[in-house]
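Heads up: the structure comes next, in structure tokens.
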Amino acid sequence: MELVDNDTFLTKLSELFSSHKQRGSVWLTHKRYVLEGDDVRMNGVEPEDEHEYPVLLRATDGHAKFSTRIHPDELEKYHAAYGTLLKASMPTLRKRDRKREKARAELKEQRRKKLSEEIKVDGPKRGNGRRKRQRQVKALQKQQETKDRIEKAQEAREKAAAAAKS
Numbered sequence: 118m119e120l121v122d123n124d125t126f127l128t129k130l131s132e133l134f135s136s137h138k139q140r141g142s143v144w145l146t147h148k149r150y151v152l153e154g155d156d157v158r159m160n161g162v163e164p165e166d167e168h169e170y171p172v173l174l175r176a177t178d179g180h181a182k183f184s185t186r187i188h189p190d191e192l193e194k195y196h197a198a199y200g201t202l203l204k205a206s207m208p209t210l211r212k213r214d215r216k217r218e219k220a221r222a223e224l225k226e227q228r229r230k231k232l233s234e235e236i237k238v239d240g241p242k243r244g245n246g247r248r249k250r251q252r253q254v255k256a257l258q259k260q261q262e263t264k265d266r267i268e269k270a271q272e273a274r275e276k277a278a279a280a281a282k283s
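Sequential numbering from 118 applies to the sequence shown in my numbering.
Listed below in structure tokens is the structure:
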């Protein structure tokens, strides 16, 4: 990743936006810049801590990667120029597809509802209605496997969260 000065960053960013006007994505990340090499734990910020940190700004389109470091005293001026650039590139943003989001949410709700429904196995083991019973048994097994898989995934998430806290 290439570290450039603030003005060069803005110029490169505008070029990146203009090159991806019709197609493509640009990712921007902001982060507090810490000079230490290891990961830093944020145990809680004390109010007496008046130290101001620089901000690290990164931009990438998947191929070109560049970043800049903004010092706290230049932050106001830089954000004004940065905001202007972002507002100028707003028309190229993709609009949210609310219809698709709603359809996905409804589909997810249907799956959740179907999992919570109890499958009743009825009908004779032999003779008329056997196929129907076989399908019900198979659906019950599939539902139980899905519930077990979801439960295992939930346990794994809880273990990961517990490990991250300690």
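Ideal placement from N, C-alpha and C gives every residue a C-beta, glycine not left out.
Buried versus exposed, by CB contacts within 10 Å (16 or more), residue i
i	result
residue 199	buried
residue 267	exposed
residue 120	exposed
residue 278	exposed
residue 176	buried
residue 224	exposed
residue 174	buried
Continuous beta strand (DSSP E) stretch holding residue i: start and end
i	result
residue 282	Unbroken run through residue 282 is the alpha helix (DSSP H), 247-282; no beta strand (DSSP E).
residue 175	172-177
residue 147	144-149
Cβ pair residue i, residue j closer than 8 Å
i	j	result
residue 134	residue 184	no
residue 127	residue 202	yes
residue 138	residue 209	yes
residue 171	residue 150	yes
Range covered by the alpha helix (DSSP H) that runs through residue i
i	result
residue 131	123-136
residue 233	215-233
Selected residue, minimal CA-CA separation from residue i, among the options
i	options	result
residue 143	130, 173, 151, 149	130
residue 250	132, 274, 239	239
residue 236	260, 219, 244, 125	260
residue 125	136, 186, 147, 169	186
### Query
Would the segment 187-199 and the segment 210-223 be scored as touching if the rule is three or more Cβ pairs under 8 Å?
no
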